[in-house]
Structures are given as C-alpha cells and as structure tokens.
Amino acid sequence: MGMQALYDTLKQRFPLGELTVQRGNLAFITVEAVRLYPLLRYLRDHEGFSHLVLLTAVDWIEAGQFQLTYLLNNRAQCKDVGLRVMIPRDQPQMESIHDLWPAAATYQRELHEMFGIDFPGSPRLTEEFILEGWNDIPPYRRDFDTLEYARQAFRDRPGRETRDPATHMKQQLYGDKGNV
1 MGMQALYDTL
11 KQRFPLGELT
21 VQRGNLAFIT
31 VEAVRLYPLL
41 RYLRDHEGFS
51 HLVLLTAVDW
61 IEAGQFQLTY
71 LLNNRAQCKD
81 VGLRVMIPRD
91 QPQMESIHDL
101 WPAAATYQRE
111 LHEMFGIDFP
121 GSPRLTEEFI
131 LEGWNDIPPY
141 RRDFDTLEYA
151 RQAFRDRPGR
161 ETRDPATHMK
171 QQLYGDKGNV
C-alpha cells in the first residue's frame with residue numbers, strides 16, 4: 001500500500017490534515033492533538049506501524065506553537081509515517097503515549113525538560129534527566145539566549161578568538177592570497 005492509499009484509508013476513520021509525501025516510503029500527516037492518540041493506536045494495531053522511531057519538537061515561536069512529530073515505522077513494509085501535531089506554546093501539554101510505546105516516556109521526559117512540554121501521567125516526567133540543577137527557562141525554547149547564558153555561566157579564557165568562518169576558510173585554503 002502506498003502512502004496516498006494509507007492516507008485515504010486513515011481519512012475514512014479519522015479527520016486528518018495535510019499529507020506530505022517525502023518519498024515512496026516516508027510521509028507526514030498533520031493531525032489535531034485530540035485525534036493523535038487514537039490514530040497512533042490504530043496505526044500500531046491495524047496498519048503494522050509497531051515501532052516508535054522518535055518523538056521530537058520544534059519551537060515555532062512566531063506562531064506561538066510547538067510542533068510535535070511522532071515518527072512510526074512499519075518494519076514489514078519498510079515504511080515510515082510521521083504525525084505532526086501543533087500545540088500552544090504557552091502552557092504546552094500533550095497526552096502521554098507511554099502506554100502505547102514504553103520508550104516514549106524517555107522522549108517525553110526530554111521534551112519536558114528541554115522545551116517545558118507537559119505530558120500528564122508520563123512516568124518520572126519531572127525528575128531531572130539531562131540538566132541537573134537547571135533553574136532557567138528550558139534551553140531548547142527559541143527565546144532562551146544561549147550566548148547570554150554562556151557569558152554568565154563561563155569565564156572568558158585567554159587565547160580564545162572568534163573568526164568569521166568564510167574569511168578563516170579562505171585563509172586556510174589560500175593563505176595570504178585569501179585576503180584579496
């Protein structure tokens with residue numbers, strides 16, 4: 001079954017958004033947050049997408065939203081389908097899927113710590129995971145100022161120089177002729 005055929009089958013059961021076919025064995029479908037869990041369960045139980053490959057987020061700060069992408073794999077058919085969900089950036093919350101795929105709990109912990117997204121009921125969600133003792137805004141949010149944080153957290157060391165990458169590479173490749 002091709003990706004368009006899968007989309008058509010799913011559309012008979014679920015209200016779906018846009019389909020983006022990246023290649024013959026990889027497609028992404030946009031879905032509303034409230035529809036995600038039943039769709040994931042259906043894909044796992046009826047369409048052979050038994051493996052959760054990853055769960056990731058993108059901060060669309062200008063739109064005031066986070067995009068969550070759930071990538072599933074059907075090993076028998078060598079196909080991947082990604083489900084894209086938009087959630088509000090202020091007070092971000094998404095239903096946990098750790099009961100469908102236990103490994104999702106780890107992804108959810110990471111997204112909680114790095115983006116501040118809440119997954120109610122997910123095990124050990126609020127325990128420190130990567131950022132021990134962190135007390136600033138989540139660092140993967142686009143309004144986190146990494147340069148300012150580095151200036152405050154780390155001392156300046158002698159011998160450290162900042163170079164324009166294009167000029168530096170010309171110098172490395174062409175020596176003094178690169179200054180022309």
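Numbered continuously in full-length UniProt numbering, the sequence shown closes out at residue 180. A virtual CB, placed ideally from N, CA and C, is assigned to each residue, including glycine. Keep in mind it's a predicted model, so treat the numbers as computed, not measured.
Using the C-alpha atoms, what's the distance from residue j back to residue i?
| i | j | result |
| --- | --- | --- |
| residue 66 | residue 138 | 13 angstroms |
| residue 112 | residue 126 | 8 angstroms |
| residue 32 | residue 13 | 14 angstroms |
| residue 98 | residue 63 | 28 angstroms |
| residue 151 | residue 170 | 29 angstroms |
| residue 145 | residue 61 | 14 angstroms |
| residue 29 | residue 132 | 35 angstroms |
| residue 52 | residue 158 | 46 angstroms |
| residue 161 | residue 94 | 43 angstroms |
| residue 9 | residue 38 | 14 angstroms |
| residue 45 | residue 25 | 19 angstroms |
Of all the options the options, which has the alpha carbon lying nearest to the alpha carbon of residue i?
| i | options | result |
| --- | --- | --- |
| residue 129 | 120, 170, 23, 107 | 107 |
| residue 135 | 142, 149, 122 | 149 |
| residue 50 | 103, 30, 17 | 103 |
| residue 74 | 165, 47, 10 | 47 |
| residue 71 | 157, 55, 17 | 55 |
| residue 114 | 18, 141, 172 | 141 |
| residue 22 | 79, 163, 147, 177 | 79 |
| residue 42 | 11, 94, 173, 147 | 11 |
| residue 213 | 68, 173, 77, 96 | In the structure as shown, the chain starts at 1 and stops at 180, and residue 213 therefore has no counterpart that could be examined. |
Any idea if residue i is buried or exposed, counting beta-carbon neighbours within 10 angstroms, 16 or more meaning buried?
| i | result |
| --- | --- |
| residue 101 | buried |
| residue 89 | buried |
| residue 120 | exposed |
| residue 154 | exposed |
| residue 109 | buried |
| residue 59 | buried |
| residue 1 | exposed |
| residue 57 | buried |
| residue 27 | buried |
| residue 116 | buried |
| residue 173 | exposed |
Mapping DSSP to helix, strand and coil, what is residue i?
| i | result |
| --- | --- |
| residue 104 | helix |
| residue 76 | coil |
| residue 61 | helix |
| residue 17 | coil |
| residue 149 | helix |
| residue 70 | strand |
| residue 112 | helix |
| residue 175 | helix |
| residue 91 | coil |
| residue 157 | coil |
| residue 168 | helix |
Mind reading off the beta-carbon distance from residue i to residue j? Whole number of angstroms is fine, and I expect it under 8 angstroms.
| i | j | result |
| --- | --- | --- |
| residue 85 | residue 6 | Wrong, their Cβ atoms sit about 18 angstroms apart, outside the cutoff. |
| residue 92 | residue 105 | Residue 92 to residue 105, Cβ: 17 angstroms. No contact. |
| residue 19 | residue 83 | About 11 angstroms; that fails the 8 angstroms criterion. |
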